[in-house]
Amino acid sequence: MLPRSIHHIHRLAARPIQPVTIQELLSRSAAVTDRSHLQHAQWIRQEMPVRLAHRLSDYLQLPFVVVCNTRFNEVFRLFLHAFETLVDSPEIKDERDVEQFSVTLRGLVRSTDDMVHMLQEGYGELQALLDGLVDLDDFLNQIFFTRIGNRVLAEHFLTVHKARANGLSDNIIGVVDPRCRPAEQVQQLAKSLGELCCDLYGDKPKVVLDGQLDTELSFVPEHLSFMLQEILKNAFRATVERHLPAREAIPPVNVSVMKGSFDVTIKVSDRGGGMRQDQLEQIWRYGYTSTRETTSPSTAGDDLSGLCGQDDRSFRQIAGYGFGLPLSRVYAQYFGGDIHVQSMRGYGTDVYLNINHLGDVLEFTGDESREAKLQDPHTRFVAS
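According to full-length UniProt numbering, the sequence shown is numbered sequentially starting from 1.
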């Protein structure tokens, strides 16, 4: 299967990726015409194979023992199948072609639903086998950036396509909610997590929410929910496990929402005992978990990952593998944000989630140099 594609992979991997901004995504779902929708489909058909080729090229440079891992190989084949399907797909010339392309694209999106779980299992197997001899963190970051980016592009197009099929043409909301409200998401997650926390531990911390609670921004709500769920879950577990055994009153988890000139910052503060310095240095590494260690927040996920809703399976998949916090940071960085952690050993942890609210930051695709990423995103990645 690979020899037929190797030329196409190398050729397309040499092309630069064309990242988009949230503003551009919104513009593609506003006042959609037959022509603009056709052009949107044509662009996705050209762009997604380039992104897939970059990751397939990375795969071909991995150590042989990694590629031979069953689960990593399955993910490789999923990327290769998507690449070949798009490269071999017929040109899009009219509305009938757009409809057929949407069917193909929908199938490719569904085929990646279990990809995170596959990589988690494969990574766990490789950790046990190689004992840290191979560092796969950068590779996994790039894989996840590409998966997130391709799903955003595909699902945004498919949402617009479905809306048009239902007779809508103006102000269609795709995957981006132009009025995403962080405070509302915090309240919803606090309720769900609190109920689950009571079921598991018999008690829960109260969430005290303050700041600019009417803050709105254009963002992908599923991404925000994923990040907040992971951060709050860690805070809940650390708080309960530190204070419940001592029969102490459970202190609250404090959440502040503030909107600045460029960013919305969400600060989550707990009194769960904090982390040791050696733990703090490891929290961004895939596979690291403190679930069985003291009272520091887990980066792996646990039973508190089981929330109800459409993303339930995704949340459950991060349980026990140490992927939750690193993957959350990938989601944050994707549109120019980030997550920072400050911890005071013996007291608690502050987590800062920063999200650009201007919508003018290009996707971070994982192919930019680390030096470029560390520069100010508002000067480095502003769309021209």
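The beta-carbon is built from N, C-alpha and C at its ideal position, and this holds for glycine as well.
Quick caveat, the model's predicted, so the values are computed rather than measured.
Between which residues of its own chain and His8 is the CB-CB distance below 6 Å, once the five residues before and five after are set aside? Taking the first residue of the sequence shown as position 1, residue 8 is located at position 8. Once the five neighbours on either side are set aside, the close Cβ partners of His8 are Val87.
Can you determine whether any heavy atom of the ligand GDP sits closer than 7 Å to the C-beta of Trp43, and answer yes or no? With respect to the ligand GDP, the structure offers nothing, as it holds no ligand at all.
Is Met344 buried or exposed, if buried means 16 or more other CB atoms sit within 10 Å of its CB? The residue you call residue 344 lines up with position 344 of the sequence shown. Under this definition Met344 is an exposed residue.
Can you tell me the Cα-Cα spacing of Asp131 and Cys180, whole angstroms? Numbered from its first residue, the sequence shown carries residue 131 at position 131. Numbered from its first residue, the sequence shown carries residue 180 at position 180. When rounded, the distance between both Cα atoms is 42 Å.
Please name the residue in Arg164, Asp177, Gln100 and Asp199 whose C-alpha comes closest to that of Ser225. Mapped onto the sequence shown, residue 225 falls at position 225. Selected option, being the one with the closest Cα: Asp177.
Own chain residues within Cβ distance below 6 Å of His340, not counting five before or after: Position 340 of the sequence shown holds residue 340. Excluding sequence neighbours, His340 sits near Tyr352.
Taking the C-alpha atoms as reference points, what is the distance between Val103 and Gln42? By one-based count along the sequence shown, residue 103 stands at place 103. By one-based count along the sequence shown, residue 42 stands at place 42. Cα to Cα, Val103 sits roughly 14 Å from Gln42.
Of the residues Thr146, Tyr288 and Ala165, which one's Cα is nearest the Cα of Thr365? Counting from 1 along the sequence shown, the entry for residue 365 is found at position 365. Out of Thr146, Tyr288 and Ala165, Thr146 has the C-alpha closest to the C-alpha of Thr365.
Given Ile355 as reference, the closest of Met227, Ile92 and Leu153 once Cα atoms are compared: Counted from its first residue, the sequence shown places residue 355 at position 355. Of the candidates Met227, Ile92 and Leu153, the one whose C-alpha sits nearest the C-alpha of Ile355 is Met227.
Option in Gly359, Leu26 and Tyr347 with minimal Cα separation from Met275: In the sequence shown, the residue the question calls residue 275 occupies position 275. When each option's Cα is compared against that of Met275, the closest is Tyr347.
Should Phe335 and Ile22 be called a contact, given that it needs their Cβ atoms to be closer than 8 Å? Working through the sequence shown from its first residue, we reach residue 335 at position 335. Working through the sequence shown from its first residue, we reach residue 22 at position 22. In this structure, Ile22 lies closer than 8 Å to Phe335 by Cβ.
Compute the Euclidean distance between the alpha carbons of Gly322 and Ser328, then round it to the nearest angstrom. Stepping through the sequence shown from its first residue, residue 322 is reached at position 322. Stepping through the sequence shown from its first residue, residue 328 is reached at position 328. In a straight line, the C-alpha of Gly322 is about 11 Å away from that of Ser328.
Quick one: which unbroken alpha helix (DSSP H) runs of 4-plus residues sit fully inside the region 152 to 239? Chain order, please. 182 to 201
Label Met258 either buried or exposed according to how many other C-beta atoms from any shown protein chain fall within 10 Å of its C-beta, with 16 as the threshold for buried. Position 258 of the sequence shown, counted from the start, is the residue given in the question as residue 258. By the neighbour-count rule (16 or more Cβ atoms within 10 Å), Met258 is not buried but exposed.
Could you give the first and the last residue of the continuous beta strand (DSSP E) run that contains Asp350? Position 350 of the sequence shown, counted from the first residue, corresponds to residue 350. Element bounds for Asp350: Gly348 to Asn356.
For Asp360, the three-state DSSP class (helix, strand or coil): Walking along the sequence shown from the start, residue 360 turns up at place 360. Reduced to three states, the DSSP call for Asp360 is coil.
How many Å lie between Leu26 and Ala249 at the Cα? Position 26 of the sequence shown, counted from the first residue, corresponds to residue 26. Position 249 of the sequence shown, counted from the first residue, corresponds to residue 249. Leu26 and Ala249: Cα-Cα distance of roughly 46 Å.
Quick check: what's the CA-CA separation for Glu184 versus Ile6? Residue 184 sits at position 184 when you count from the first residue of the sequence shown. Residue 6 sits at position 6 when you count from the first residue of the sequence shown. In a straight line, the C-alpha of Glu184 is about 48 Å away from that of Ile6.
In whole angstroms, what is the alpha-carbon distance linking Ala332 and Asp97? For the purposes of this step, residue 332 is taken as residue 332 along the sequence shown, with counting starting at 1. For the purposes of this step, residue 97 is taken as residue 97 along the sequence shown, with counting starting at 1. Those two C-alpha atoms are separated by around 35 Å.
In the structure shown, what three-state DSSP assignment does His10 receive? The sequence position of residue 10 within the sequence shown is 10, counting from 1. Reduced to three states, the DSSP call for His10 is helix.
Tell me, to the nearest whole angstrom, how far the beta carbon of Arg285 is from that of Asp138; I am working on the premise that it is less than 8 Å. Taking the first residue of the sequence shown as position 1, residue 285 is located at position 285. Taking the first residue of the sequence shown as position 1, residue 138 is located at position 138. Not really, about 11 Å apart at Cβ, beyond 8 Å.
Quick one: residues in its chain with C-beta nearer than 6 Å to the C-beta of Asp210, no 5 flanking neighbours on either side, listed in chain order? In the sequence shown, residue 210 corresponds to position 210, counting from 1. The answer, listed in chain order, is Ser256.
Secondary structure of Ser269, DSSP reduced to three states: Here residue 269 refers to the residue found at position 269 when the sequence shown is read from its first residue. The answer is strand: DSSP assigns Ser269 an E or B state.
What's the C-alpha gap between Val65 and Leu56? Here residue 65 refers to the residue found at position 65 of the sequence shown. Here residue 56 refers to the residue found at position 56 of the sequence shown. Approximately 16 Å, taken between the alpha carbons.
Which same chain residues, not among the five before or five after Glu47, have their C-beta less than 8 Å away from its C-beta? For the purposes of this step, residue 47 is taken as the residue at position 47 of the sequence shown. Once the five neighbours on either side are set aside, the close Cβ partners of Glu47 are Ile17, Gln18 and Leu153.
Nearest-angstrom Cα separation, counted from Asp58 out to His40: What you label residue 40 is simply residue 40 of the sequence shown in a count that begins at 1. What you label residue 58 is simply residue 58 of the sequence shown in a count that begins at 1. Those two C-alpha atoms are separated by around 28 Å.
Express the C-alpha separation of Gln277 and Ser296 in angstroms, rounding to a whole number. Along the sequence shown, read from residue 1 onward, the residue named residue 296 stands at position 296. Along the sequence shown, read from residue 1 onward, the residue named residue 277 stands at position 277. Confidence at Ser296 is low in this model, with a pLDDT of 36, below 50, so its placement is unreliable and the value that follows should be read with caution. Roughly 11 Å between the two C-alpha positions.
Nearest-angstrom Cα distance between Asp214 and Arg77? The count along the sequence shown starts at 1 and reaches residue 214 at position 214. The count along the sequence shown starts at 1 and reaches residue 77 at position 77. Rounded to the nearest angstrom, the two C-alpha atoms are 45 Å apart.
Express the C-alpha separation of His161 and Glu155 in angstroms, rounding to a whole number. For the purposes of this step, residue 155 is taken as the residue at position 155 of the sequence shown. For the purposes of this step, residue 161 is taken as the residue at position 161 of the sequence shown. When rounded, the distance between both Cα atoms is 10 Å.
DSSP state of Val330 mapped onto helix, strand, coil: The sequence position of residue 330 within the sequence shown is 330, counting from 1. Looking at Val330 - three-state DSSP - the assignment turns out to be helix.
Roughly how many angstroms lie between the CA atoms of Asp135 and Val240, to the nearest whole one? In the sequence shown, counting from the first residue as 1, residue 135 sits at position 135. In the sequence shown, counting from the first residue as 1, residue 240 sits at position 240. For Asp135 and Val240, the distance between alpha carbons rounds to 33 Å.
Ignore the nearest five residues each way along the sequence and tell me which others in Leu280's own chain have a CB closer than 8 Å to its CB. As a first step, residue 280 is located in the sequence shown; it is residue number 280 there, counting from the start. Closer than 8 Å at Cβ, skipping near neighbours: Val341 and Ser343.
Taking the alpha carbon of Asn287 as the reference point, which residue from Val116, Gln187, Arg151 and Ala163 has its own alpha carbon closest? To locate residue 287, count along the sequence shown from 1; it is residue 287. The amino acid at residue 287 is misidentified as Asn; the sequence shows Gly. Of the listed residues, the one whose Cα sits closest to Gly287 is Val116.
Can you name the residues that DSSP bridges to residue 387? The structure shown does not extend to residue 387, since the chain is modelled only from 1 through 384, so no value can be given for it.
DSSP state of Ser256 mapped onto helix, strand, coil: Locating residue 256 in the sequence shown gives position 256, counting from the first residue. In the structure shown, Ser256 sits in a strand (DSSP, three-state: E or B).
Close-in-space but distant-in-sequence residues of the same chain around Ser261 (CB under 8 Å, 5 per side omitted): Start at 1 with the first residue of the sequence shown, and residue 261 comes out as number 261. Excluding sequence neighbours, Ser261 sits near nothing in its chain.
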